Every structure is written in C-alpha cells, then in structure tokens.
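What the sequence shown shows, in mature numbering (1 follows the signal peptide of the UniProt record, and there is no 0), is residues -29 to -1, 1 to 534, in sequence order.
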Amino acid sequence: MGDARGWVPSSRLVAVLVWVLLVPLSSVAICPPRCTCRDDTLAATCADAGLEVVPIQLNPEVEKIDLSGNRITAVAFTLSFYNELRHLDVSRNRIQSLRGKSFESQSRLLFLNASHNHITSLGKDAFRGLKSVKVIDLSHNQIETIQDSSFKDVHEVEVIDLSHNEIIYFEEPAVLKGVRALKTLYLNHNQMNDVPTGLLKNLPSPCSLETLTLHSNLIELIEDKSFPSSCSNALKILTLGDNVIRDIEAAAFDSVCKLTTLDLSNNNLTFVPTQQLSKLNQLTRLDLSGNTFSELRPVAFQSLFNLRVLRLSRLPRMRRVDSRTFVDNMHLETIVMEDNPELTRIPTRVFHGNPNLINVSLRGNALTTVDVSHFPLDGLKSLDVSENPLRCNCSIQWLWTLAQMEAKLAKNPSERPAPPYPRLKCASPKHLKGKSVVDLPESAVRCETSWITVAVVTGLMLALFGATCVGLLLWGGSGRLCRTKQDPGDPAQGDPCRRLPPGLHPSPPPPILMLMPDKRYSEDYVKNDADLKYMEPWVGDLRCPQNEYSPDVTTRKPHIVYV
C-alpha cells in the first residue's frame, strides 16, 4: 500500500464523479420508504409515511407531491429542487410558520394545501414565487396575524381558505390588494366581531369576489356600509350564519343586490328582516333557521320573486304563519320548516299561491292535523310531515292513502330515498298512540256517516226550511203584496186590497148561506167586489165594470144602418 497522504485522485475517478453530478437526477431519484413514486405520471405519494422532513431525493420533474399526515415541521429551503411542481399537499403535519421565500421556486404551482397544521402567522413574502397558484388552503390552523405582503405575488389565485383559524381582524386591510382574480374567500370559523369591510374595500377593482363565507364568527351587527359597493356586481354567495347578529340596518344589503344565496341562520334575529331583504330580487336561496322570531307576517319575503329554496327550521318561538306569507314567492320550489316545537298549525291553502312548489318538509313540528287543503298535491314530488303529534282520525285519510302508496313503491328495488312514512305515528286518540299511520286499518281513518250525523243534518235542514218559510211570510205581508198604483178616480181608492185577486185575499170572509138572494148584504160581510165574487162567483162585477189594467172602453149606442 502507498502513502495515503500523497494520494491524488486519478483522472478516471474524477470523470466518474463528474458523470454522477452531471447525469440527469431523474435516473438516480430515490423513492423513500412507505412512499409511492410513479415516473409515468410524475407523482409521488408519501401520505402517512412518518416523514419528519420534506424528501429531497424525489424525481426533480415531479408535478404532484402528497406529504399529508406526516410530522414535517417546516418547508423552507426544501422545495427548491422541484421547479415543475403543480400540486403540493402538506396538510396534517406540524408546520408552525410559513416564512418568506418558502415557495420561491414553485412558479408553476397551481394548488397548495397547508391545512390542519399549527401555523400561527403568515410572514412577509410567505407566498413569494407562487405566480400561477389558483388555490391556497390554510384552513384549520391557528393563524392570528397576516403581514402586509404575504400575498404579494399571488395575482392569479382564485380561492383562499382561511377558515377555522383565530383571526380577530386584519391589521393590514390591504393585504389582498394585489389578488386581482380572487373569486372565493373563506373566513368562516374565526373570531371576527365585524364584517371585514376594510379588507373588502381594498380588493382590486373591478372586484371579482363571488363567494364570501363569514359564518361561525362573533358578528353582532350588519351595518349599512358593511359591504362596500366595489363588490356589488360580483358577490353572489354570502354566509352569515352561526353568528350573534341581533340587528340588520335598513340598507345593509343594498350594495350586494346581485346575491343569489344568503345564509342568516342561527343568529339572534327577532323578526324576519323583510325590508332589508326586499332589495335582493335575484336571491334564489335563503336560510333563516335557528333564529328567535315568533311569527311569519303577511308578505314576509316581499319582492323575492326568484326565491327557489327557503329554510325556516329550528325556530323555538315560532307559533304563527300567516296565510299570505309566501304570496310574493311565485317561483318557490322547496320549503323546509322542520323542528319548530311551537308550530301547532298552518293556514289552509298557505302554499297554493306557489305553483312551482315541488318539495315541502314540515317534519318535527307540533302539528296535530295536516289537512289535504294545506298542500298543492298535484305538483309535489316530496312531502314530509313525519315526527308530528298527529291526531289519527278521518282527517288524515288522504295521508294514510299516500303512505300506503309509498309502502308499495318501496317494495320495488330502486334508488329512491328512504320514505318518511315509517316516522308517521299517531299521538292520539289513546288507543292509537304510537302506532304507525301506514299500519292502521282503513276503518280507523275512514270518514263514515253515522245515524246521529244524519239526524243532526236532517234537523238542521228542516229548521232552515222552516225559518225560510217564516221569513217569506213576514216579508210577503199585506202591505207589500197589495201595494199597487191607485187611480185617483177610483171610488174604492181607500181600500188597500181593492185590486187583489180573490185567490190571494189576505183574510177571506167566512162563507154565508144565502137564503134571500134579493136582500142586500150587510156591510160587515161585503166590503168590496172581491168579497162578492168570493160568495157568489156567478155574479158579475157590479161596482167596477172596468178593469184598471184594461183599456178604457166608452159605451156607445149601436150604429144602425138601414138597407
């Protein structure tokens, strides 16, 4: 053996080292244990592989890397080898921060998922280099602060998900001023006390934001200027549910009149904000469930002519629904009114003014009776009135018939959803309590006519007939029937019944047996010609030779012609 201190690399060894360094790295890429690497699809999957760092020996041309479910704590300076990356998933790891220039080499990255980590802040230039990214998911972290230039380079991002974090407010309201293509912004499940008006106001103009989620925060008031007019023509979906909203100012939604979906569920509203909603004439979906108003007033959803889906569930105080509540909602297709424990009745034909209605759910209310007149059955595709304390009598015979039809259809194999008829149970009368409506015999719901009912109806009809006869007799008294036009020259002008036909004389005199036909009648019996005709019909009219209604014919002497 020679002296090692004088050893000099031979030219052959130098050539080998140079070849190793210059050879394409794809030919010497190493796939870590518990990973799946495919060069044909340029994808590497290392999900739940127990990794603590980002592997650097993968194919440098890889386009998709899945590192979810590991123990990685940082990504800084570990991704510079993968310039062709399009899809990166580092969710469900232990990353605590995203420092500047962490993704500087990923100019072609389209999708970044860093959700479900322990990130508390977004540093300066955190996303520098992501010039093509479309989706950034930072949900389910612990983010409190976002520095001004965090999103400086992400001009083409369309979706930013900051939900399920600990954001109270945006210290830098212009943090998204360079995001000109933003269409969806998720800010739900944070700790914001107000609508981030400043953040929205500083979005690039023209504003392209279509979806904004603010549900599950701590917002108390929606002010007139909460939503700037810069996004008025773009915003379509707005969620404000699960807050503590107690009031909405009159012009709060005037600047977002193009909304199609609005969620105001699970707040502290004590009345339906009819005036505030009336400007949203393009609204198709509205959710007011979980509030505290007690009634639905007439035309409660005024001017919402395009409303298709309406949800009014979990309203613990709602007791009354006016019959004209939905008259303006001509295009309503689905209405869900479930789990309202104080709702004991609904008006008759309340839904008959909605010709396009196809789905109705009144499940879990306190309805004891559901009449067939409540629903436009001809157009409905689904009706659910289960889990109500129904009184099972002949008023639900129609419902029993529908349940029988559904039971027959359910026996045939199909992909139909689970029918609600098994949950249709009787609460009364006592002998039917707890029984399923579909299992009742038809006799329990048949509307039979008993002899008592017949007797009562007959008695009522007779009483009505008698009352009608008495009324006619009283109305047709002598004064009305005998009131005719009197001739001033008539000698019998003082007699009010002078012209009354004999057969209709109000009180005809008793018959008199005449033994002396030549003797004149007593004035006590014969007062007019009608009395005379009544007693002697063969005697002509002696007192009044002319009829009042006949033409006056003057008696003339006959004209004799001698021949």
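Glycine included, every Cβ here is placed at the ideal spot set by N, Cα and C. Because the structure is a prediction, the values reported are computed rather than measured.
CA nearest to the CA of residue i, picked from the options
i: Lys404; options: Asn364, Arg316, Val130; result: Asn364
i: Glu358; options: Thr315, Glu377, Gln375, Ala378; result: Thr315
i: Asp124; options: Met163, Gln162, Thr116, Arg79; result: Arg79
i: Ile127; options: Val408, Ile107, Val343; result: Position check: residue 127 holds Glu in this sequence, whereas Ile was assumed. With distances taken between Cα atoms, Glu127 lies closest to Ile107.
i: Ser110; options: Arg9, Phe141, Arg291, Val61; result: Val61
i: Lys35; options: Val46, Thr16, Phe52; result: Thr16
i: Arg42; options: Arg285, Arg320, His87; result: His87
i: Lys95; options: Lys72, Ile216, Asp342; result: Lys72
i: Lys269; options: Ala14, Val292, Asp342; result: As written in the sequence, residue 269 is Pro, which differs from the Lys given in the question. Here the closest residue by C-alpha is Val292.
i: Asp165; options: Ser187, Ala14, Leu380, Val343; result: Ser187
i: Leu328; options: Glu313, Thr339, Ile306, Thr340; result: Ile306
i: Phe52; options: Gln67, Ala45, Phe74, Arg65; result: Phe74
i: Thr210; options: Asn173, Ala221, Leu59, Ile190; result: Ile190
i: Gly149; options: Ser121, Thr155, Gln162; result: Ser121
i: Asn173; options: Glu143, Asn54, His323; result: Glu143
i: Ser265; options: Met289, Lys250, Arg320; result: Met289
i: Gln77; options: Val227, Glu55, Asp213, Phe322; result: Glu55
i: Leu351; options: Ile114, Glu304, Gln247, Pro287; result: Glu304
i: Leu50; options: Gln67, Glu32, Arg63; result: Glu32
i: Gln67; options: Leu83, Ala85, Thr91, Phe82; result: Thr91
i: Asp195; options: Thr296, Tyr140, Asp225; result: Asp225
i: Asn238; options: Gly212, Lys406, Cys6, Pro244; result: Gly212
i: Ser284; options: His302, Ser103, Ser236, Ser294; result: Ser236
i: Glu23; options: Pro4, Thr12, Val427, Ala223; result: Pro4
i: Leu275; options: Val428, Thr263, Val298, Asn262; result: Val298
i: Leu133; options: Ala145, Asp119, Val146, Ile114; result: Ile114
i: Leu170; options: Arg151, Lys154, Val146; result: Val146
Per-residue burial, residue i [other beta carbons within 10 Å of its own, 16 or more giving buried]
i: Ile117; result: buried
i: Ser200; result: exposed
i: Glu137; result: exposed
i: Ile27; result: exposed
i: Phe48; result: exposed
i: Asp349; result: exposed
i: Glu309; result: buried
i: Val415; result: For the sequence presented, residue 415 should be read as Ala rather than Val. Result: buried.
i: Phe242; result: exposed
i: His89; result: exposed
i: His160; result: buried
i: Ser176; result: exposed
i: Tyr157; result: buried
i: Cys418; result: exposed
i: Leu29; result: buried
i: Asn300; result: buried
i: Lys379; result: exposed
i: Ile1; result: exposed
i: Gly21; result: exposed
i: Arg217; result: exposed
i: His345; result: buried
i: Cys397; result: buried
i: Thr184; result: buried
i: Ser353; result: exposed
i: Leu445; result: exposed
i: Gln247; result: buried
Beta-bridge pairing of residue i - partner residues as DSSP gives them
i: Glu358; result: According to DSSP, which records beta bridges pairwise, Glu358 is partnered with nothing at all.
i: Ala14; result: Arg9, Lys35
i: Cys397; result: Leu361
i: Asp234; result: Thr210, Asp258
i: Asn84; result: Asp60, Asp108
i: Ile117; result: Leu93
i: Thr184; result: Tyr157, Thr210
i: Asp218; result: Leu192
i: Val125; result: Its beta-bridge partners do not exist; DSSP assigns none.
i: Val427; result: None, per the DSSP bridge assignment.
i: Asn330; result: Thr305, Ser353
i: Arg282; result: Asp258, Val307
i: Leu267; result: Val292
i: Ser407; result: Lys396
i: Asp132; result: Asp108, Tyr157
Does the count of Cβ pairs from the region 278 to 294 and the region 256 to 263 closer than 8 angstroms reach three? yes
On the three-pair Cβ rule with 8 angstroms, is the region 369 to 381 touching the region 327 to 334? no
Taking only runs that begin and end inside the region 141 to 182, name each unbroken beta strand (DSSP E) of 3 or more residues, in chain order. 155 to 157
Threshold first: 4 residues or longer. Then list the alpha helix (DSSP H) segments lying entirely within the region 19 to 74, N to C. none
Suppose only complete runs of 3+ residues qualify. What are the beta strand (DSSP E) ranges in the region 285 to 316, listed by chain order? 305 to 307
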